[in-house]
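Enquirer:
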Amino acid sequence: MRILYPALSLLLCFAFALTGAQAFAEPYFSPEEVPEAPVRRTTLLSGLDHPWSMAWLPDGGLLITERPGRVTLYRDGKATDVTGAPRVLVTGQGGLLDISLHPDFAENRLVYMTIAEGTEDANHTALVRATFDGRAFGPAETLFRSAPDKTGGQHFGSRMAWLPDGTLVLSVGDGGNPPKRVNGVLSRDMAQVRSAHLGKLVRLNDDGTPVAPPAFDGDAAPGMHTMGHRNIQGLAWDPLRRTLWASEHGARGGDEINRIQAGANYGWPVASYSREYTLPMDVADHHSLPGMADPTVVWEWRFAPSGLLVYTGDAFPGWKGDLLAGGLRSETIRLIELDRDGTPTGERDIPMGDRVRDIRQGPDGLVYVLTDEGDGKLIRLEPR
Numbered sequence: 001m002r003i004l005y006p007a008l009s010l011l012l013c014f015a016f017a018l019t020g021a022q023a024f025a026e027p028y029f030s031p032e033e034v035p036e037a038p039v040r041r042t043t044l045l046s047g048l049d050h051p052w053s054m055a056w057l058p059d060g061g062l063l064i065t066e067r068p069g070r071v072t073l074y075r076d077g078k079a080t081d082v083t084g085a086p087r088v089l090v091t092g093q094g095g096l097l098d099i100s101l102h103p104d105f106a107e108n109r110l111v112y113m114t115i116a117e118g119t120e121d122a123n124h125t126a127l128v129r130a131t132f133d134g135r136a137f138g139p140a141e142t143l144f145r146s147a148p149d150k151t152g153g154q155h156f157g158s159r160m161a162w163l164p165d166g167t168l169v170l171s172v173g174d175g176g177n178p179p180k181r182v183n184g185v186l187s188r189d190m191a192q193v194r195s196a197h198l199g200k201l202v203r204l205n206d207d208g209t210p211v212a213p214p215a216f217d218g219d220a221a222p223g224m225h226t227m228g229h230r231n232i233q234g235l236a237w238d239p240l241r242r243t244l245w246a247s248e249h250g251a252r253g254g255d256e257i258n259r260i261q262a263g264a265n266y267g268w269p270v271a272s273y274s275r276e277y278t279l280p281m282d283v284a285d286h287h288s289l290p291g292m293a294d295p296t297v298v299w300e301w302r303f304a305p306s307g308l309l310v311y312t313g314d315a316f317p318g319w320k321g322d323l324l325a326g327g328l329r330s331e332t333i334r335l336i337e338l339d340r341d342g343t344p345t346g347e348r349d350i351p352m353g354d355r356v357r358d359i360r361q362g363p364d365g366l367v368y369v370l371t372d373e374g375d376g377k378l379i380r381l382e383p384r
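The opening residue of the sequence shown carries number 1 in UniProt numbering; numbering runs sequentially from there.
And the structure:
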């Protein structure tokens, strides 16, 4: 028997009334077995400690974050430590997470990083920025902290994506699996609590000030862009379709790719294809609900998405405009073919043999992958 808190029921009534959160087309259900894409894999670097993200510098160097709090600079086949990385809380899934350059990095030298901050009993996702001189970071400035605090080391979200207007979208996880609670409410139910950042996408100006929430009234958390998310760990701006894509963890199955629409409610945990970890039952009573946005892609099997790329290069001409989604549990990358409007038309598999944490396109048009292990790797994908 499911218990729906009265306050949550009221919030759902408001959510159903949102005119800006229309359901999208019927989802594409990803099959577990698909043809393999022909690529050559080359390991460029190993020995990384649970690498999480990477960002290309204008000079061709690559900054790589490692979850325990280290940043590595990879340039010309050599790896060096970057000093001055921000202090982080290392617990469970938390630590030093995403990294992204300011769109005007060549002029202002600003690097943005997401981190876990606080203690085991009271922590949150934070956004910091610092200048980078080619060898070291300057003092970190904290721009944003999610609220309220949660407990434990689960579901920090933490992916970033810049929009063309210079604003930054940041994911915040729902806070964790049952029995985790925040303010007496199951953590995952916080994704439907509008006054909380948990389970949301947040949109910020480059100085960390919140962008006014679209289609949400005054009780919305500062900067709230969308709601109803479990744990987004892939975000990618699509310059061809002028849209933002997000890949999101379900519980046991029910992973998603969503096309992000400002002001939309994406349903978690009241509309989902996920099943409970410990019980033979669905998380939600519904796969879809009026006033909530449906996913574009659903993995009913356990894919565990992290890292998302819209390919725009020339090295793989047949991939242009398609999505590449990394998988942790599946240890693979899925190439999701899209038509001009962004509707999935097919899928191919790129087995990696290790947990895929991040995927980025290099300045050479090739694809670069980070694997999430104690002996993590930087791998380059090339046409075969």
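We treat Cβ as the ideally placed atom computed from N, Cα and C, and that holds for glycine.
Please report how far the alpha carbon of Leu170 lies from the alpha carbon of Arg145, in whole angstroms.
Expert: Each residue's alpha carbon lies about 11 Å from the other.
Enquirer: Below 8 Å, how does it come out for the segment 342–350 and the segment 30–47: are there three or more Cβ pairs, yes or no?
Expert: Counting Cβ pairs under 8 Å, three or more are found: they touch.
Enquirer: Between which two residues does the alpha helix (DSSP H) harbouring Asn108 extend?
Expert: Unbroken alpha helix (DSSP H) run through Asn108: Phe105 to Asn108.
Enquirer: Checking 7 Å against the spacing of the C-beta atoms, do Arg132 and Arg109 come in under that value?
Expert: The question names Arg, but residue 132 is Phe in the sequence shown. Cβ atoms of Phe132 and Arg109: closer than 7 Å.
Enquirer: Assign Ser187 to one of three DSSP states: helix, strand, or coil.
Expert: If DSSP states are grouped into helix, strand and coil, Ser187 belongs with the helices.
Enquirer: Tell me the start and end of each unbroken alpha helix (DSSP H) in the segment 356–381 that is at least 4 residues and wholly inside, in chain order.
Expert: List check, alpha helix (DSSP H) in window: nothing returned.
Enquirer: On the CB-based measure, 16 or more other CB atoms within 10 Å of its CB, does Phe316 come out buried or exposed?
Expert: By the 10 Å Cβ count, Phe316 comes out buried.
Enquirer: Should Asp372 be labelled buried (16 or more other beta-carbon atoms within 10 Å of its own) or exposed?
Expert: So Asp372 ends up on the buried side.
Enquirer: Applying the criterion that 16 or more other CB atoms from any shown protein chain within 10 Å of the CB defines a buried residue, is Lys377 buried or exposed?
Expert: It counts as buried.
Enquirer: May I ask you to verify whether the segment 361–368 touches the segment 280–289, counting CB pairs closer than 8 Å and requiring at least 3?
Expert: Segments in contact, no.
Enquirer: Does the Cβ of Asp322 have 16 or more other Cβ atoms within 10 Å, making it buried, or fewer, making it exposed?
Expert: Buried, because 16 or more other Cβ atoms sit within 10 Å of the Cβ of Asp322.
Enquirer: Only counting the same chain, and skipping five residues up and downstream in sequence, which positions put a Cβ closer than 7 Å to that of Ala85?
Expert: Cβ neighbours of Ala85 beyond the five flanking positions: Gly69, Arg70, Val71, Leu96 and Phe137.
Enquirer: Residue range of the beta strand (DSSP E) that Ala130 falls in?
Expert: Here the beta strand (DSSP E) through Ala130 covers Ala122 to Thr131.
Enquirer: I'd like to know whether the C-beta atoms of Leu201 and Thr226 end up nearer to each other than 7 Å.
Expert: Cβ atoms of Leu201 and Thr226: closer than 7 Å.
Enquirer: Using the Cα positions of Gly118 and Arg384, report the straight-line distance between them to the nearest angstrom.
Expert: For Gly118 and Arg384, the distance between alpha carbons rounds to 46 Å.
Enquirer: Taking the alpha carbon of Gly254 as the reference point, which residue from Trp237, Pro222, Pro295 and Pro239 has its own alpha carbon closest?
Expert: Comparing Cα positions, the closest option is Pro295.
Enquirer: When the Cβ atoms of the segment 210–224 are set against those of the segment 256–263, are three or more pairs found closer than 8 Å?
Expert: The segment 210–224 vs the segment 256–263: in contact.
Enquirer: Return the CA-CA distance between Leu308 and Leu235, expressed in angstroms with no decimal places.
Expert: C-alpha separation (whole angstroms): 6 Å.
Enquirer: Enumerate in chain order the residues of its own chain whose CB-to-CB distance from Asp149 is below 7 Å, with the five nearest sequence positions on each side excluded.
Expert: Excluding sequence neighbours, Asp149 sits near Gly118, Ala122, Asn123 and His124.
Enquirer: What does Lys150 pair with, by DSSP beta-bridge criteria?
Expert: Lys150 pairs with Asn123.
Enquirer: Starting from Thr80, follow the beta strand (DSSP E) in both directions and report where the run begins and ends.
Expert: Lys78 to Val82 is the span of the beta strand (DSSP E), which, as asked, contains Thr80.
Enquirer: For Glu120, which of Ser187, Val111 and Thr91 has the nearest alpha-carbon?
Expert: Closest by alpha carbon: Thr91.
Enquirer: Report, in whole angstroms, the separation of the C-beta atoms of Val270 and Leu244, which I expect to be a contact under 8 Å.
Expert: That pair is no contact at about 23 Å.
Enquirer: Would you please verify whether the beta carbon of Pro179 is less than 7 Å from any beta carbon of chain B?
Expert: Looking at the structure shown, chain B is missing, and only one protein chain is on hand.
Enquirer: If you drop the 5 nearest sequence neighbours on each side, which residues of the same chain put their C-beta closer than 8 Å to that of Ala147?
Expert: Answer for Ala147: His124, Ala196, His197 and Ala221, listed in chain order.
Enquirer: Whole angstroms is fine: what's the gap from Pro210's alpha carbon to Arg40's?
Expert: If I take the Cα positions, the gap works out to 43 Å.
Enquirer: Can you say whether Asp341 is buried or exposed, counting buried as having 16 or more other CB atoms within 10 angstroms of its CB?
Expert: Per the 10 Å Cβ criterion, exposed.
Enquirer: Of the choices Tyr266, Thr142, Glu66 and Pro164, whose alpha-carbon is the least far from that of Phe189?
Expert: The question names Phe, yet the displayed sequence has Asp at residue 189. Comparing Cα positions, the closest option is Tyr266.
Enquirer: Given a cut-off of 7 Å on the beta-carbon distance, is the pair Val88 and Ala106 in contact?
Expert: No. Outside cutoff.
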